[in-house]
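Novice: Here it is, the structure in full.
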Amino acid sequence: MAADLVIRNRVSLQSRNTLALPGTAEQFCAVSTTAQLEAALDHARSQELAVTVLGGGSNVVIAGDIAGLVIAMAIPGRELLGDSDDSVVVRYGAGENWHDLVCHALDQNWFGLENLSLIPGCAGAAPIQNIGAYGVELKQSFVALDAMDIATGAKMRLDGGDCAFGYRDSIFKHELLNRVVITAVELRLEKVPAPNLGYPVLRQALEAEYGDLDTVTPRQVSDAVCAIRRSKLPDPASIANAGSFFKNPVVNAEQGAALAAALPDLPRYPQADGSVKLAAAWLIDRAGWKGSRHGHVGVHDQQALVLINRGGATGGELLDLARAIADNIQLRFGVSLEMEPRILGKVPSG
Ligand code: FAD
Ligand code: EPU
């Protein structure tokens, strides 16, 4: 075992998830080098322990205690791999904080990530759901990632095609679910600014502030994204949450047309394949859940897609509320909601 790897027993994860849910890791270690990660995986194999990877804990629901070894990803690194006239390729350690990475890129005049400003969490988690915001997704800058196979310790490299990115989706939610630890992410960043102003709320905010959109800089886009996010999304440091609790549902063209006829105000985003993405927040809001309180949990009063821990909640209480909302939306609108955060651990029985 790498001499400097420290494995502890029964470690609370409450301060390591943005929903502040209670739960204990049977065994826990933080890894800041790939050698430590190899040692941690060797240890888990020799003790036949299940492995759970944790980044910033901003997209998980800790349902209860987690059996086996929880590995907190803390591998740092920002390495310039390529530099051409119009772009750079940079490798980021999986433990790098995402927003710090976006700010660092902007400081270097490397562009393409500005719409993804202020998303909590670590670089290594970004490919898991192909993070997205304000009209941009990770996959647009993604080159490749390095990962380690949990079962064998083998190192692997996956490019964008291998990762099968979709809306809040990737191979890491399917074939490679719980099978790999991502150790580094390589991104191609542009030297020539090409602000993406397609998202209506963002465009309107920039128009209101600067008038002429032709002169808007990536830094101004980043600042506007941060301002919009701060006005809508609660800061987990003051209100415990995991961002959007459900994905925006995608329905077929026929159901999309039926819903449009019945609910003319429902925001709809037509997709290239004819399907239609719907605003889950609007449906939950229309159904009357926004701002509601249910014991220790509730629905945020500014954004109906955000479930909150009002203090002292358990994962079980939060999941009960999520189920009640999803059942109600299914009943009222015939639309299925799918949870975005991953559930870790089990709700205690009894
Ligand atoms: P964690 O929550 O720690 O982990 C998430 C999942 O990834 C878990 O299954 C975990 O096992 C796995 N995982 C983490 N690291 C690794 C690794 N190195 N290797 C393998 N598996 C790993 N998301 C968006 O896409 N867009 C948004 O606009 C957005 N806004 C948010 C706003 C708020 C206020 C909050 C709280 C969350 C928001 N999110 C958003 C969700 C979240 O920030 C992202 O999904 C983020 O990428 C999660 O990073 P994390 O390090 O916290 O991952
Ligand atoms: N709306 C309501 N009521 C509300 C909130 C929103 O009716 O309480 C309406 C808005 O008026 C708008 C629509 O719903 O017409 C969409 O709202 P918003 O622009 O706030 O975006 P969202 O669809 O709720 C998605 C992502 C966010 C991302 C933003 C910006 C998902 C599941 N969520 O939210 O990602 O930051 O767009 O791109 O796709 C996350 O994944 O955790 C996350 C925060």
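Just so we're on the same page, this note's numbering is the position in the sequence shown counted from 1, plus 131.
Glycine included, each C-beta is placed from N, C-alpha and C at the ideal position.
Because the structure is a prediction, the values reported are computed rather than measured.
1) Rounded to whole angstroms, what's the CA-CA distance from Leu-409 to Leu-390? Just pull it up for me.
2) Which runs of the alpha helix (DSSP H) fall wholly inside the region 335-406 and span at least 4 residues, in chain order?
3) Report the residue ranges of all alpha helix (DSSP H) runs contained in full by the region 248-301; include only those spanning at least 4 residues, in chain order.
4) The ligand FAD heavy atoms versus the CB of Cys-160: any closer than 7 angstroms?
5) Hey, could you find the ends of the beta strand (DSSP E) Gly-213 is sitting in?
6) For the ligand EPU, I want to know if Asn-228 counts as a neighbour, meaning its beta carbon is within less than 7 angstroms of at least one of the ligand's heavy atoms.
7) Can you tell me whether Ala-325 is buried or exposed? The criterion is at least 16 other CB atoms within 10 Å of its CB, across all chains shown.
8) Can you find the residues in the same chain that come closer than 8 angstroms, C-beta to C-beta, to Leu-308, ignoring five residues on each side of it along the sequence?
9) Answer yes or no: does any C-beta atom of chain B fall closer than 8 angstroms to that of Glu-321?
10) Taking DSSP as the reference, what is the three-state secondary structure of Val-311?
11) Using the C-alpha atoms, what's the distance from Leu-468 back to Val-274?
12) Is the beta carbon of Gln-260 closer than 8 angstroms to that of Lys-363?
13) Have a look at Val-221, Gly-226, Asn-228 and flag the residue whose alpha-carbon is nearest the alpha-carbon of Gly-243.
14) Among His-305, Tyr-298, Leu-475, Glu-385, which one has its Cα closest to the Cα of Gly-405?
15) Comparing alpha-carbon positions, which option in Asn-372, Glu-317, Asn-240 lies nearest Leu-289?
16) Measure the alpha-carbon distance for Ile-474 versus Asn-148 and round it to whole angstroms.
17) Using the C-alpha atoms, what's the distance from Gly-426 back to Gln-351?
18) Would you say the beta carbon of Arg-441 is closer than 7 angstroms to some non-hydrogen atom of the ligand FAD?
19) I need the straight-line Cα distance from Pro-401 to Ala-392, nearest angstrom please.
20) Using the C-alpha atoms, what's the distance from Ala-181 back to Ala-175?
21) Three-state secondary structure (DSSP) at Thr-165?
22) DSSP three-state call for Ser-467: helix, strand or coil?
23) Would the C-beta of Asn-327 count as close to the ligand FAD, meaning under 7 angstroms from any of its heavy atoms?
24) Can you tell me where the beta strand (DSSP E) with Leu-185 in it begins and where it stops?
25) Cα separation between Leu-211 and Gln-239?
26) Classify Pro-367 as buried or exposed, calling it buried when 16 or more other Cβ atoms lie within 10 Å of its own Cβ.
Specialist: This is what the structure gives:
1) Looking up residue 409 in the sequence shown gives position 278. Looking up residue 390 in the sequence shown gives position 259. In a straight line, the C-alpha of Leu-409 is about 10 angstroms away from that of Leu-390.
2) 349-363, 384-393
3) 291-294
4) The residue you call residue 160 lines up with position 29 of the sequence shown. Checking every heavy atom of the ligand FAD against the Cβ of Cys-160, none is found closer than 7 angstroms.
5) For this step, residue 213 is matched to residue 82 along the sequence shown. Note, Gly-213: beta strand (DSSP E), 209-214.
6) Here residue 228 refers to the residue found at position 97 when the sequence shown is read from its first residue. No, the ligand EPU has no heavy atom inside 7 angstroms of this Cβ.
7) Locating residue 325 in the sequence shown gives position 194, counting from the first residue. Label assigned to Ala-325: exposed.
8) Looking up residue 308 in the sequence shown gives position 177. Hits under 8 angstroms: none found.
9) Looking for chain B here will not work: only one protein chain is present.
10) Taking the first residue of the sequence shown as position 1, residue 311 is located at position 180. Strand at Val-311.
11) As a first step, residue 274 is located in the sequence shown; it is residue number 143 there, counting from the start. As a first step, residue 468 is located in the sequence shown; it is residue number 337 there, counting from the start. Distance between the alpha carbons of Val-274 and Leu-468: 31 angstroms.
12) Stepping through the sequence shown from its first residue, residue 363 is reached at position 232. Stepping through the sequence shown from its first residue, residue 260 is reached at position 129. Contact flag unset, no.
13) Counted from its first residue, the sequence shown places residue 243 at position 112. With distances taken between Cα atoms, Gly-243 lies closest to Val-221.
14) Walking along the sequence shown from the start, residue 405 turns up at place 274. Selected option, being the one with the closest Cα: Glu-385.
15) In the sequence shown, the residue the question calls residue 289 occupies position 158. Comparing Cα positions, the closest option is Glu-317.
16) In the sequence shown, residue 474 corresponds to position 343, counting from 1. In the sequence shown, residue 148 corresponds to position 17, counting from 1. When rounded, the distance between both Cα atoms is 12 angstroms.
17) The count along the sequence shown starts at 1 and reaches residue 351 at position 220. The count along the sequence shown starts at 1 and reaches residue 426 at position 295. Straight-line Cα distance between these residues: approximately 41 angstroms.
18) Position 310 of the sequence shown holds residue 441. Flag unset: Cβ of Arg-441 not near the ligand FAD.
19) Residue numbering aside, residue 401 sits at position 270 when the sequence shown is read from its first letter. Residue numbering aside, residue 392 sits at position 261 when the sequence shown is read from its first letter. Looking at the two C-alpha atoms, the distance is approximately 15 angstroms.
20) By one-based count along the sequence shown, residue 175 stands at place 44. By one-based count along the sequence shown, residue 181 stands at place 50. Straight-line Cα distance between these residues: approximately 7 angstroms.
21) Looking up residue 165 in the sequence shown gives position 34. Reduced to three states, the DSSP call for Thr-165 is helix.
22) Start at 1 with the first residue of the sequence shown, and residue 467 comes out as number 336. Coil.
23) The residue given as residue 327 occupies position 196 in the sequence shown. Because no heavy atom of the ligand FAD lies under 7 angstroms away, the Cβ of Asn-327 does not count as near it: no.
24) The residue you call residue 185 lines up with position 54 of the sequence shown. Residues 182-185.
25) Sequence index remark: in the sequence shown, residue 211 carries index 80 (1-based). Sequence index remark: in the sequence shown, residue 239 carries index 108 (1-based). The straight-line gap from Cα to Cα measures roughly 11 angstroms.
26) For the purposes of this step, residue 367 is identified with residue 236 of the sequence shown, where counting begins at 1. Label assigned to Pro-367: buried.
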